[in-house]
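Novice: Protein chains in written order, with the working numbering: chain A, 19 to 133; chain B, 465 to 578.
1) With a threshold of 8 Å between beta carbons, is residue 124 of chain A in contact with chain B?
2) For the beta strand (DSSP E) containing residue 74 of chain A, name the first residue and the last one.
3) Give the C-beta separation of residue 108 of chain A and residue 54 of chain A to the nearest angstrom, bearing in mind that I take them to be a contact with Cβ-Cβ under 8 Å.
4) Shorter than 8 Å from the beta carbon of residue 513 of chain B to some beta carbon of chain A?
5) At the level of alpha carbons, what is the spacing between residue 60 of chain A and residue 25 of chain A?
6) Run through DSSP, which three-state label would residue 503 of chain B get?
7) Taking three-plus beta-carbon pairs below 8 Å as touching, is the segment 505-521 of chain B in contact with the segment 116-124 of chain A?
8) Roughly how many whole angstroms lie between the Cα atoms of residue 67 of chain A and residue 73 of chain A?
9) Would you call the segment 33-41 of chain A and the segment 468-478 of chain B in contact, with 3 or more CB pairs under 8 Å?
Here's what the structure looks like:
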């Protein structure tokens, strides 16, 4: 069964350092999402890609966060510099097409701890 | 703006008993509704969705949910709970007039005991 891959699974860093997360969606899925999930809350969308284009980054803190999906396949989310409040689970998801009726498939996530 | 409410932080059920996890939503147009389950330190797994048609939707692992437009609810149900159903459950909504954004509730922790 095809799955969304994410790495690393866990990341511990000190504040002001740079961190990067990688995601490989299910083959053929044109839409890719990055979410942040704070403990005890539901996931919140950071950025959505359709192929290589950003279609929604309204909740992405652009002063420190960046995301790219250069060839429309895998994607990287970067934080520079990391802050204590960035400690959370970062989830990647993908779906077929961009129609709202399609369910999203999630990867296992990257748990970030900022010290 | 679209929103989802899961009024119970935790639901406790005895194994073999029926379970219900509640969800209500608010949208300006017609909703697409989803349920996901999350096990510790894992991503979310899709359970079921309501798009259109029959109000009773059947999904994975014996779960089902009923769409009630008048009550703006989409409660998750299962006739007979298993200990292995213990997990964190999220309801999510997408407003057809609100673009493609999926909004999640805060989650309900389900605990099934022997």
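Virtual Cβ for every residue (Gly too), placed ideally from N, Cα, C. If you're wondering where the values come from, they're calculated on a predicted model, not measured in any experiment.
Specialist: In short:
1) With 8 Å as the cut-off, residue 124 of chain A counts as an interface residue toward chain B.
2) In the DSSP assignment, residue 74 of chain A falls within the beta strand (DSSP E) that extends over 71-74.
3) 6 Å between Cβ atoms; contact.
4) By this cut-off, residue 513 of chain B is an interface position.
5) Cα to Cα, the separation comes out at about 21 Å.
6) Taken through DSSP and simplified to helix, strand or coil, residue 503 of chain B comes out as coil.
7) In this structure the segment 505-521 of chain B touches the segment 116-124 of chain A; the number of beta carbon pairs closer than 8 Å is three or more.
8) Going by the C-alpha atoms only, they are around 6 Å apart.
9) In this structure the segment 33-41 of chain A does not lie against the segment 468-478 of chain B, because fewer than three pairs of beta carbons, one per stretch, are closer than 8 Å.
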